[in-house]
Ligand code: GLN
């Protein structure tokens, strides 16, 4: 199969690091700023940065409605940190008018680890497919990070904080084709999250190709 084309929402934030991490997974990776660019990709990463700025820029660039439609239409999407906030259906500790793209049935609390805590690193416990991929913990970098306060029934918890005052807090989730992490795997060498997301994009592409051909996949894996 040819390389999947994965976009990184490039309005603000750590776009370059995600592009590099995706390329390491064999994906073709491109920045996305316009609706036409969004329409061309097989999957989308929403990077870390500042969610209040990103959502305003998305609206100004005419991207908010296309983003909502794409995510609701099944486009695989992965949000890290600010990107997690953008994918959440409900947000806490946000300005009252802060909109989201939504799609992920979670309540996310912004700057949840305390405003005084700018950044920290911690081991987190992994569950589900992230753990099966390679080991059960991951060294995570958090920067003014949110956490998942509450997750709906269809949401699979993939990672939790271990120890300290935030012990047990949910920091990685998956719901169908949507993945979100409070932390920034693009800033460390651990590529498990990007690898999992690239696999989700590949499976989605394979399923769509199968459906498009009336279920006949030509016998190729
Ligand atoms: N606190 C930021 C926000 O609310 C997220 C921080 C980050 O992405 N590193 O958007």
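In this note's numbering, the protein residues as written are 5 to 225.
No residue lacks a Cβ here, since even glycine has one placed at the ideal position from N, Cα and C.
Note that the coordinates shown come from a computational prediction; the quantities given were computed from them, not determined experimentally.
Around the C-beta of residue i, are 16 or more other C-beta atoms found within 10 angstroms, so that it is buried, or is it exposed?
i: residue 57; result: exposed
i: residue 69; result: exposed
i: residue 224; result: With a pLDDT of only 46 at residue 224, under 50, the local geometry of the prediction cannot be trusted, and the value read off the model is given with reservation. With fewer than 16 Cβ atoms within 10 Å of its Cβ, residue 224 is classed as exposed.
i: residue 22; result: buried
i: residue 189; result: buried
i: residue 13; result: buried
i: residue 17; result: buried
i: residue 64; result: exposed
i: residue 143; result: exposed
Have a look at the options and flag the residue whose alpha-carbon is nearest the alpha-carbon of residue i.
i: residue 178; options: 10, 30, 88, 70; result: 88
i: residue 90; options: 128, 61, 134, 28; result: 61
i: residue 168; options: 127, 215, 47, 66; result: 127
i: residue 151; options: 96, 204, 194; result: 96
i: residue 113; options: 71, 199, 55, 157; result: 55
i: residue 200; options: 213, 211, 185; result: 185
i: residue 36; options: 52, 48, 142, 79; result: 48
i: residue 109; options: 210, 181, 198; result: 181
i: residue 149; options: 77, 173, 72; result: 173
i: residue 160; options: 196, 175, 166, 29; result: 175
i: residue 156; options: 192, 92, 31, 213; result: 92
With respect to 7 Å, is the separation between the Cβ of residue i and the closest non-hydrogen atom of ligand 1 below this value?
i: residue 56; result: yes
i: residue 147; result: yes
i: residue 64; result: no
i: residue 115; result: yes
i: residue 128; result: no
i: residue 10; result: no
i: residue 156; result: no
What residues match up with residue i in a beta bridge as DSSP calls it?
i: residue 80; result: According to DSSP, which records beta bridges pairwise, residue 80 is partnered with nothing at all.
i: residue 185; result: 84, 176
i: residue 11; result: 34, 48
i: residue 146; result: 124
i: residue 16; result: The partner list for residue 16 (beta bridge, DSSP) is empty, contrary to what the question assumes.
i: residue 154; result: 111
i: residue 166; result: Beta-bridge pairing links residue 166 to no other residue.
i: residue 161; result: 177
i: residue 96; result: 113
Start-end ranges of the beta strand (DSSP E) lying completely within the stretch 108-144, minimum 3 residues: Segments of the beta strand (DSSP E) lying fully in the stretch 108-144: 108-113, 123-130.
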